[in-house]
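In my numbering, the protein residues as written are 30 to 184. Contents: one structure, followed by commentary.
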(Lines of atoms letter the chains of each structure in order from A; the text may use other names.)
(Lines give C-alpha, C1' and ligand atoms only; values in the text may rest on other atoms or scores of the structure.)
Protein backbone atom coordinates (compact mmCIF):
# COMPACT_ATOMS: atom_id res chain seq x y z
CA UNK A 30 0.00 0.00 0.00
CA UNK A 31 2.80 2.44 0.88
CA UNK A 32 4.56 1.62 -2.39
CA UNK A 33 1.48 2.69 -4.38
CA UNK A 34 1.43 5.99 -2.47
CA UNK A 35 5.13 6.51 -3.27
CA UNK A 36 4.60 5.64 -6.95
CA UNK A 37 1.74 8.13 -7.10
CA UNK A 38 4.04 10.89 -5.78
CA UNK A 39 6.75 9.98 -8.28
CA UNK A 40 4.23 10.04 -11.12
CA UNK A 41 2.87 13.42 -9.99
CA UNK A 42 6.39 14.86 -9.71
CA UNK A 43 7.30 13.67 -13.21
CA UNK A 44 4.04 15.01 -14.60
CA UNK A 45 4.48 18.41 -12.95
CA UNK A 46 8.11 18.65 -14.06
CA UNK A 47 7.12 17.74 -17.64
CA UNK A 48 4.39 20.37 -17.65
CA UNK A 49 6.85 22.92 -16.28
CA UNK A 50 9.32 22.15 -19.07
CA UNK A 51 6.62 22.38 -21.73
CA UNK A 52 5.46 25.76 -20.41
CA UNK A 53 9.03 27.07 -20.13
CA UNK A 54 9.78 26.02 -23.71
CA UNK A 55 6.55 27.59 -24.96
CA UNK A 56 7.30 30.80 -23.08
CA UNK A 57 10.84 30.91 -24.47
CA UNK A 58 9.62 30.27 -28.01
CA UNK A 59 6.98 32.97 -27.75
CA UNK A 60 9.35 35.56 -26.29
CA UNK A 61 12.02 34.79 -28.92
CA UNK A 62 9.47 35.24 -31.71
CA UNK A 63 8.09 38.44 -30.16
CA UNK A 64 11.52 39.95 -29.53
CA UNK A 65 12.73 39.09 -33.04
CA UNK A 66 9.66 40.73 -34.58
CA UNK A 67 10.12 43.86 -32.48
CA UNK A 68 13.85 43.96 -33.23
CA UNK A 69 13.19 43.69 -36.97
CA UNK A 70 10.56 46.45 -36.78
CA UNK A 71 13.04 48.71 -35.00
CA UNK A 72 15.76 47.98 -37.57
CA UNK A 73 13.41 48.62 -40.51
CA UNK A 74 12.20 51.86 -38.92
CA UNK A 75 15.76 53.05 -38.30
CA UNK A 76 16.81 52.00 -41.80
CA UNK A 77 14.00 54.05 -43.35
CA UNK A 78 15.03 56.98 -41.15
CA UNK A 79 18.66 56.62 -42.21
CA UNK A 80 17.63 56.73 -45.86
CA UNK A 81 15.85 60.02 -45.30
CA UNK A 82 18.89 61.81 -43.83
CA UNK A 83 20.91 64.22 -45.92
CA UNK A 84 24.54 63.80 -46.92
CA UNK A 85 25.49 66.34 -44.24
CA UNK A 86 24.43 63.83 -41.59
CA UNK A 87 26.68 61.16 -43.05
CA UNK A 88 29.55 63.63 -43.34
CA UNK A 89 29.20 64.54 -39.66
CA UNK A 90 28.76 60.99 -38.31
CA UNK A 91 30.97 58.00 -38.87
CA UNK A 92 29.21 55.28 -40.82
CA UNK A 93 30.64 52.61 -38.50
CA UNK A 94 29.06 54.39 -35.54
CA UNK A 95 25.70 54.55 -37.29
CA UNK A 96 25.78 50.83 -38.13
CA UNK A 97 26.95 49.88 -34.65
CA UNK A 98 24.11 51.86 -33.10
CA UNK A 99 21.59 50.41 -35.54
CA UNK A 100 22.38 46.76 -34.96
CA UNK A 101 23.73 46.80 -31.41
CA UNK A 102 20.92 48.88 -29.94
CA UNK A 103 18.18 46.86 -31.63
CA UNK A 104 19.88 43.67 -30.40
CA UNK A 105 19.89 45.07 -26.85
CA UNK A 106 16.16 45.77 -27.11
CA UNK A 107 15.60 42.18 -28.26
CA UNK A 108 17.63 40.78 -25.37
CA UNK A 109 15.79 43.01 -22.89
CA UNK A 110 12.42 41.78 -24.10
CA UNK A 111 13.53 38.17 -23.76
CA UNK A 112 14.88 38.83 -20.27
CA UNK A 113 11.75 40.63 -19.09
CA UNK A 114 9.27 38.03 -20.27
CA UNK A 115 11.29 34.93 -19.47
CA UNK A 116 12.86 35.94 -16.17
CA UNK A 117 11.46 39.04 -14.52
CA UNK A 118 7.74 38.27 -14.58
CA UNK A 119 8.03 34.77 -13.02
CA UNK A 120 10.52 36.12 -10.49
CA UNK A 121 8.15 38.93 -9.56
CA UNK A 122 5.39 36.44 -8.81
CA UNK A 123 7.83 34.36 -6.78
CA UNK A 124 8.96 37.47 -4.87
CA UNK A 125 5.40 38.44 -3.92
CA UNK A 126 4.66 34.93 -2.67
CA UNK A 127 7.91 34.83 -0.68
CA UNK A 128 7.21 38.21 0.95
CA UNK A 129 3.77 36.99 2.01
CA UNK A 130 5.30 33.82 3.46
CA UNK A 131 7.98 35.90 5.21
CA UNK A 132 5.32 38.04 6.88
CA UNK A 133 3.58 34.89 8.04
CA UNK A 134 6.81 33.39 9.46
CA UNK A 135 8.50 36.43 11.03
CA UNK A 136 7.03 39.91 10.89
CA UNK A 137 10.07 41.79 12.30
CA UNK A 138 12.61 40.01 10.16
CA UNK A 139 10.53 40.84 7.11
CA UNK A 140 10.33 44.51 8.11
CA UNK A 141 14.12 44.61 8.54
CA UNK A 142 14.59 42.98 5.13
CA UNK A 143 12.25 45.46 3.46
CA UNK A 144 14.27 48.33 4.99
CA UNK A 145 17.63 46.84 3.97
CA UNK A 146 16.67 46.04 0.37
CA UNK A 147 16.35 49.69 -0.79
CA UNK A 148 19.83 50.39 0.56
CA UNK A 149 21.23 47.57 -1.54
CA UNK A 150 19.22 48.76 -4.55
CA UNK A 151 20.84 52.20 -4.31
CA UNK A 152 24.30 50.65 -4.16
CA UNK A 153 23.59 48.39 -7.13
CA UNK A 154 22.10 51.34 -9.06
CA UNK A 155 25.27 53.33 -8.52
CA UNK A 156 27.39 50.42 -9.74
CA UNK A 157 25.07 50.03 -12.75
CA UNK A 158 25.56 53.67 -13.73
CA UNK A 159 29.32 53.21 -13.64
CA UNK A 160 29.02 50.09 -15.79
CA UNK A 161 26.81 51.99 -18.23
CA UNK A 162 29.48 54.64 -18.66
CA UNK A 163 32.10 51.98 -19.29
CA UNK A 164 29.80 50.21 -21.78
CA UNK A 165 29.25 53.49 -23.62
CA UNK A 166 33.02 53.93 -23.96
CA UNK A 167 33.33 50.38 -25.28
CA UNK A 168 30.51 50.97 -27.77
CA UNK A 169 32.23 54.12 -29.04
CA UNK A 170 35.47 52.16 -29.42
CA UNK A 171 33.57 49.48 -31.38
CA UNK A 172 32.15 52.19 -33.61
CA UNK A 173 35.65 53.51 -34.29
CA UNK A 174 36.89 50.04 -35.19
CA UNK A 175 33.86 49.46 -37.43
CA UNK A 176 34.53 52.78 -39.17
CA UNK A 177 38.18 51.90 -39.74
CA UNK A 178 37.23 48.48 -41.09
CA UNK A 179 34.62 50.02 -43.38
CA UNK A 180 37.08 52.59 -44.68
CA UNK A 181 39.76 49.92 -45.19
CA UNK A 182 37.35 47.70 -47.10
CA UNK A 183 35.89 50.56 -49.08
CA UNK A 184 39.26 51.87 -50.35
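We put the CB at the ideal spot given by N, CA and C, even for glycine. Note that the structure is predicted; figures quoted are calculated from it, not measured.
- When secondary structure is reduced to three states using DSSP, residue 104 falls in the helix class.
- Listed in chain order, the non-local C-beta contacts of residue 79 below 8 Å within the same chain comprise 95 and 99, local neighbours out to five positions each way being set aside.
- Judged by beta-carbon spacing, residue 175 lies beyond the 8 Å limit of residue 111, meaning their Cβ atoms are not closer than that value.
- A distance below 8 Å separates the beta carbons of residue 93 and residue 172.
- The three-state reading of DSSP puts residue 142 in helix, counting H, G and I together.
- In the DSSP annotation of this structure, the continuous segment of the alpha helix (DSSP H) that includes residue 125 starts and ends at 118 to 134.
- A direct Cα-to-Cα measurement between residue 106 and residue 68 gives close to 7 Å.
- Taking 8 Å as the cut-off, the Cβ atoms of residue 135 and residue 56 do not count as close.
- For residue 90, there is no enclosing alpha helix (DSSP H), as DSSP marks it with neither H nor E.
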